[in-house]
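Structure record follows, encoded as structure tokens.
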Amino acid sequence: MGRYFFSGVITTLTGGTFPYGTMFVNITGCLVIGFFATLTGPDSRLLVGTPARQFVMVVICGGYTTHSCRCSIK
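Be aware that the sequence shown starts at 431, since it is given in my numbering, and climbs by one per residue.
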């Protein structure tokens, strides 16, 4: 739902000539994955188990960034 919302808002604001919404979603998702991986790594500040790390990075962030293309056939 977040992917659809942010992509739609950005596309509406920019006019939809270039997929800025898709770009925004992919960049923010990658940033979250990077920061989360850094903060929860084996030698990092936060202690998070491997299954929880995989769930957040693969399921949550991966689902957010994947299929973020809103294609339309005209």
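Yeah, the Cβ is synthetic: ideal placement off N, Cα and C, and Gly gets one too.
As for any alpha helix (DSSP H) of minimum length 4 sitting wholly inside the stretch 441 to 482, the runs are 450 to 469, ordered along the chain. Judged by DSSP in its simplified three-state form, T496 adopts coil rather than helix or strand. The DSSP-derived three-state label of M487 is helix. In the pairwise beta carbon analysis, the stretch 441 to 451 is classified as not touching the stretch 463 to 482: fewer than three pairs are separated by under 8 angstroms. Scanning its chain for C-beta atoms nearer than 6 angstroms, with the 5 sequence neighbours on each side dropped, one finds around G459 the residues C491, Y494 and T495, in chain order.
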